[in-house]
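Heads up: the sequence lines are chains A and B, in that order.
In this text, residue positions in the first sequence follow my numbering: the first is 1, and each later residue adds one.
In this text, residue positions in the second sequence follow my numbering: the first is 1, and each later residue adds one.
Below: the structure, in structure tokens.
Protein chains: 2
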Amino acid sequence: MSSKKKITPRSEDYSQWYQDVIDVADLAENSPVRGCMVIKPYGMAIWENFRDILDRMIKETGHQNVYFPLFIPKSFLSKEASHVEGFAKECAIVTHYRLKAEGGKVVVDPEAKLAEELIVRPTSETIIHDAFARWISSWRDLPVLINQWANIVRWEMRTRPFLRTTEFLWQEGHTAHATFEDAEEEMNKMLKVYQVLAEDYLAMPVIPGRKSDAERFAGALHTTSIEAMMQDGKALQAGTSHNLGQNFSKAFEVQYADKEGKLQYVWMTSWGVSTRMIGGLIMCHSDDKGLVLPPKIAPIKVVIVPIWKDEAKRGEMLEHARNLARQLSHLGAVKVDERDYLTVGEKFYEWEKKGIPVRVEIGERELAKDEVVVVRRDNGEKTNLATTKLVTVIEKMLVDMQKALFEKALAFREANTHHIDDYTKFKKQMEEPLPGFVYAHWCGSAACEEQIKEETKATTRCIPFDLEKKPGHCLKCGKATDQRIIFAKAY
Amino acid sequence: MSSKKKITPRSEDYSQWYQDVIDVADLAENSPVRGCMVIKPYGMAIWENFRDILDRMIKETGHQNVYFPLFIPKSFLSKEASHVEGFAKECAIVTHYRLKAEGGKVVVDPEAKLAEELIVRPTSETIIHDAFARWISSWRDLPVLINQWANIVRWEMRTRPFLRTTEFLWQEGHTAHATFEDAEEEMNKMLKVYQVLAEDYLAMPVIPGRKSDAERFAGALHTTSIEAMMQDGKALQAGTSHNLGQNFSKAFEVQYADKEGKLQYVWMTSWGVSTRMIGGLIMCHSDDKGLVLPPKIAPIKVVIVPIWKDEAKRGEMLEHARNLARQLSHLGAVKVDERDYLTVGEKFYEWEKKGIPVRVEIGERELAKDEVVVVRRDNGEKTNLATTKLVTVIEKMLVDMQKALFEKALAFREANTHHIDDYTKFKKQMEEPLPGFVYAHWCGSAACEEQIKEETKATTRCIPFDLEKKPGHCLKCGKATDQRIIFAKAY
Chain A
1 MSSKKKITPR SEDYSQWYQD VIDVADLAEN SPVRGCMVIK PYGMAIWENF
51 RDILDRMIKE TGHQNVYFPL FIPKSFLSKE ASHVEGFAKE CAIVTHYRLK
101 AEGGKVVVDP EAKLAEELIV RPTSETIIHD AFARWISSWR DLPVLINQWA
151 NIVRWEMRTR PFLRTTEFLW QEGHTAHATF EDAEEEMNKM LKVYQVLAED
201 YLAMPVIPGR KSDAERFAGA LHTTSIEAMM QDGKALQAGT SHNLGQNFSK
251 AFEVQYADKE GKLQYVWMTS WGVSTRMIGG LIMCHSDDKG LVLPPKIAPI
301 KVVIVPIWKD EAKRGEMLEH ARNLARQLSH LGAVKVDERD YLTVGEKFYE
351 WEKKGIPVRV EIGERELAKD EVVVVRRDNG EKTNLATTKL VTVIEKMLVD
401 MQKALFEKAL AFREANTHHI DDYTKFKKQM EEPLPGFVYA HWCGSAACEE
451 QIKEETKATT RCIPFDLEKK PGHCLKCGKA TDQRIIFAKA Y
Chain B
1 MSSKKKITPR SEDYSQWYQD VIDVADLAEN SPVRGCMVIK PYGMAIWENF
51 RDILDRMIKE TGHQNVYFPL FIPKSFLSKE ASHVEGFAKE CAIVTHYRLK
101 AEGGKVVVDP EAKLAEELIV RPTSETIIHD AFARWISSWR DLPVLINQWA
151 NIVRWEMRTR PFLRTTEFLW QEGHTAHATF EDAEEEMNKM LKVYQVLAED
201 YLAMPVIPGR KSDAERFAGA LHTTSIEAMM QDGKALQAGT SHNLGQNFSK
251 AFEVQYADKE GKLQYVWMTS WGVSTRMIGG LIMCHSDDKG LVLPPKIAPI
301 KVVIVPIWKD EAKRGEMLEH ARNLARQLSH LGAVKVDERD YLTVGEKFYE
351 WEKKGIPVRV EIGERELAKD EVVVVRRDNG EKTNLATTKL VTVIEKMLVD
401 MQKALFEKAL AFREANTHHI DDYTKFKKQM EEPLPGFVYA HWCGSAACEE
451 QIKEETKATT RCIPFDLEKK PGHCLKCGKA TDQRIIFAKA Y
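As structure tokens, then:
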């Protein structure tokens with residue numbers, strides 16, 4: 001299955017480069033179902049690492065996992081007015097429940113038509129809030145803090161593996177609280193969890209902030225997000241956390257009796273990250289040689305490639321390699337490449353394409369001298385060292401590489417971040433090959449935001465939480481304002 | 001959310017008892033979507049334990065996880081003739097991809113009709129084998145050993161939580177091999193994994209064996225299963241493993257070049273267990289007081305209930321309880337019940353209903369004497385002991401309870417297993433309140449099997465692998481045969 005396919009350089013065609021990296025690293029492939037991908041074993045192993053890390057963090061912050069039905073009755077989607085507008089356009093609709101044979105073909109049985117159509121979940125607020133109405137009656141029942149790992153379907157017109165697919169995998173947190181402040185705290189707490197996940201594990205620096213009204217979740221009071229910069233200077237929204245206010249609790253009649261016995265509507269949040277973040281991970285670090293993975297998320301941390309010319313040395317060489325693998329096993333998965341039907345070059349090339357953080361090479365000469373050659377994936381650095389030093393050197397190398405990838409991505413973002421308040425300059429910046437992030441004053445009106453988007457394809461990303469207010473004038477209409485926001489072209 | 005609901009005794013109405021146990025233990029509830037359940041936090045925690053144990057075993061046997069699309073093109077389902085017959089009858093069909101607003105209502109947009117309908121997967125052989133045709137070209141690519149954890153939809157008419165739901169969660173393994181023997185070995189290996197899972201973790205004795213032709217998977221060469229006996233003497237098919245032969249590889253053109261360069265069709269297997277096994281777990285061990293969980297699968301192994309009358313003692317009591325919890329933490333999750341709005345009776349009752357294996361009670365008298373009271377869930381045994389002995393006593397108690405539950409279930413199965421070769425006696429046995437398993441001679445004809453089913457509601461379960469051949473006469477037609485099979489009423 002190993003592909004000989006060449007990788008298009010980033011400088012030539014970034015979009016094709018992304019697809020090539022996915023192909024050569026064998027992460028995923030298109031399926032015969034429009035817009036749906038097959039996640040292959042290596043891509044799935046990365047997603048599983050990601051999921052396990054995040055699942056632990058979600059549980060440590062007091063949430064419990066649940067599972068709700070895949071199908072949502074059509075009437076549920078309509079209960080919250082702005083929610084249905086946001087989601088009804090792009091969904092898979094189940095209308096029948098039986099096929100039958102007819103003239104040697106299989107056809108939909110017209111008699112098996114559902115009385116009410118079912119929507120394949122584009123998100124689960126409605127069906128979960130319907131349950132909250134049953135589960136919650138007193139202040140003692142609050143907060144309700146739940147999460148589910150699920151597959152989601154949104155009928156996307158243009159799809160790309162991981163970044164935007166008709167079906168994707170995600171987690172969705174849903175919580176109910178007694179007060180606005182509690183919901184606000186929860187929203188912020190979970191956005192922070194996403195930031196830690198992105199920065200500390202994926203080595204992907206992100207900017208947490210608040211979305212504009214036009215960009216908020218359909219039905220939310222307000223939406224926060226983490227925004228990352230990809231290597232083509234475009235933004236990727238990597239995770240969102242919403243304060244839903246009482247919009248859904250009023251639509252679904254989710255009330256609790258407070259300590260005085262008075263009925264109150266609950267305050268809700270929801271928050272999610274998806275397989276899209278794997279797309280961000282790929283785009284953030286990989287290079288023209290293929291995938292680059294931060295050690296903490298890599299399914300295989302170290303690959304050991306024993307090299308023998310003399311077939312009589314094979315046994316000794318493999319024994320030695322397996323022994324080293326055992327010494328490194330506390331670091332996570334370590335693989336010994338024992339295949340004998342590939343050349344050494346093919347093996348090196350394959351592990352490079354797959355982004356294994358560290359490669360250990362042992363030839364007959366190294367074996368004789370009790371040495372090894374260690375190669376770091378991100379910078380290609382080659383080190384000869386005594387075998388006795390292998391464990392400590394690799395331990396440090398994995399830590400260094402994790403840090404270096406983050407710092408490199410951060411430096412790239414900083415180099416491609418601009419502060420512009422002149423619209424002509426702004427338009428020019430957005431035409432650059434690396435448009436980057438632009439901090440600019442914005443009056444807050446949806447009209448200005450929309451016009452900027454039409455004229456430059458740049459959208460508002462978020463108002464960073466730590467951004468100081470500063471007097472200035474709206475980029476578009478020139479009105480005085482002290483509010484700035486990040487503009488960028490986005491995935 | 002704690003329910004005051006009484007549990008119907010098993011002797012009165014077994015089916016209602018099952019539903020009551022699920023309700024009082026707060027495992028799951030019905031959803032507004034026909035036949036679909038909501039898996040609540042405690043039920044989900046059990047499923048997650050189950051999944052983690054099995055996932056580890058699946059990976060240890062060399063399989064890798066993947067994820068394939070939820071939707072299957074209608075034409076795929078039709079490619080393998082007997083497969084479509086088995087699955088086309090009961091599926092959810094997506095016909096449209098957009099809703100629109102019309103006269104204040106949300107309706108299906110007739111213009112958004114799919115050219116080819118999509119089926120929500122009732123199982124994934126077809127879409128996975130379509131990929132195998134792309135992935136496999138040489139003998140070097142074999143075996144392909146993959147697994148996926150997924151949600152599945154089958155339009156069931158009569159549903160019951162966990163046992164049979166329209167949507168359910170499962171894992172499905174799919175493999176491709178060079179020879180029939182390799183596929184056969186794989187099928188047997190994975191059935192053995194299921195047996196270990198059922199017996200060693202769920203404490204549920206099972207009989208592994210081969211299915212009759214009538215009961216085999218649609219499209220398989222042959223099907224093996226593990227069969228468990230529930231407390232009402234009915235059988236539960238708890239897991240299946242199929243040798244698909246070359247039926248699907250011929251339908252999907254999955255071929256490999258052998259070492260001589262000759263094209264050969266691959267031999268395939270598939271195997272799966274689902275949330276149904278959780279239904280079996282509940283039915284196998286629980287009693288009229290509620291859920292009983294084997295320690296190895298219990299999300300909470302031990303609950304500590306500190307009891308204070310004197311409010312001044314509260315701090316000291318909680319401190320003591322938390323300290324004991326820390327000493328027990330190597331055993332898995334240990335919970336301290338610190339709630340002060342429930343009576344002690346309510347607390348005991350709740351943990352009993354939820355099937356926590358061991359309850360530790362500490363009152364003021366125990367605290368003064370440095371003692372604790374330990375109560376084992378399955379037999380209600382109460383032991384007073386010195387606090388210093390707590391850890392060793394509980395360690396042993398969890399092991400003992402795991403073993404006792406298995407032995408009790410095994411003894412029950414043995415007491416309700418019969419060897420009958422007289423059809424009149426057989427019919428009478430099947431009318432008993434506890435019909436049990438009946439070993440009987442069977443000629444192998446589908447006609448006899450079908451007539452027995454019609455007349456007694458008993459179906460063939462499996463031909464146990466270790467069952468010796470013995471001369472006799474078919475239960476139904478009287479023909480001489482040395483083949484026996486298990487008959488039982490089944491879920």
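Cβ atoms here follow ideal geometry from the backbone N, Cα and C, with glycine treated the same way.
Treat the numbers as computed from the prediction; the structure is a model and nothing was measured.
Quick one: give me the first and last residue of the beta strand (DSSP E) that residue i is part of.
i       : result
I486(A) : 484 to 488
K105(A) : 105 to 108
Taking its Cβ as the centre, do 16 or more other Cβ atoms sit within 10 Å of residue i, making it buried, or is it exposed?
i       : result
G496(B) : Outside the modelled stretch of chain B, which goes from 1 to 491, sits residue 496(B), for which no answer is possible.
Q16(A)  : exposed
N65(A)  : buried
Q327(B) : exposed
D20(A)  : buried
P433(A) : exposed
T175(A) : buried
H83(A)  : buried
S11(B)  : exposed
N416(B) : buried
V496(A) : Lying before the first or after the last residue shown, residue 496(A) is absent from chain A, which here runs from 1 to 491.
K469(A) : exposed
In whole angstroms, what is the alpha-carbon distance linking residue i and residue j?
i       : j       : result
R134(A) : T126(A) : 13 Å
I320(B) : V360(B) : A small correction: the amino acid at residue 320(B) is His; Ile does not occupy that position in the sequence shown. Roughly 12 Å separates the two Cα atoms.
K403(B) : F412(B) : 14 Å
Y256(B) : P41(A)  : 20 Å
F426(A) : G478(A) : 14 Å
I7(B)   : S286(B) : 11 Å
F71(A)  : M57(A)  : 28 Å
L118(B) : T95(B)  : 7 Å
E450(B) : Q148(B) : 34 Å
I278(A) : I226(A) : 14 Å
F132(B) : V254(B) : 6 Å
L236(B) : F162(B) : 12 Å
T388(B) : A214(B) : 59 Å
G355(A) : M204(A) : 16 Å
A333(A) : E102(A) : 53 Å
L99(A)  : G436(A) : 51 Å
Quick one: what's residue i bridged to in DSSP?
i       : result
H174(B) : I146(B), S270(B)
I356(A) : Per DSSP, none; premise fails for I356(A).
Y439(A) : H419(A), I486(A)
R134(B) : Per DSSP, none; premise fails for R134(B).
M157(A) : Answer is none; M157(A) lacks a bridge partner.
Can you give me the start and stop residues for the alpha helix (DSSP H) that residue i sits inside?
i       : result
N188(A) : 180 to 196
F217(A) : Premise fails: F217(A) is in no alpha helix (DSSP H) and is neither H nor E.
K59(A)  : 41 to 60
Y309(A) : A small correction: the amino acid at residue 309(A) is Lys; Tyr does not occupy that position in the sequence shown. It is not in any alpha helix (DSSP H) - K309(A) carries neither H nor E in the DSSP assignment.
E455(B) : 446 to 456
L77(B)  : 74 to 77
Would you mind telling me which residues of chain B sit closer than 7 Å to residue i, beta carbon to beta carbon, in chain order?
i       : result
P143(A) : Result: empty, since nearest Cβ-Cβ is about 13 Å, beyond 7 Å.
S78(A)  : V106
Along chain B, which residues have their Cβ under 8 Å away from the Cβ of residue i?
i       : result
Y341(A) : R140
Y67(A)  : V38, I39, M44, W47, L169
At a CB-CB cut-off below 9 Å, which residues of chain A make contact with residue i?
i       : result
F348(B) : Per Cβ cutoff of 9 Å: no residues; F348(B) is ~19 Å from chain A at best.
V336(B) : The premise fails here: V336(B) is roughly 15 Å from chain A at the closest Cβ pair, so nothing lies under 9 Å.
Identify the contact partners of residue i in chain A, using a Cβ-Cβ distance below 8 Å as the criterion.
i       : result
I300(B) : Per Cβ cutoff of 8 Å: no residues; I300(B) is ~12 Å from chain A at best.
Quick one: list the residues of chain A neighbouring residue i, beta-carbon separation under 7 Å, in chain order.
i      : result
H96(B) : I93, T95
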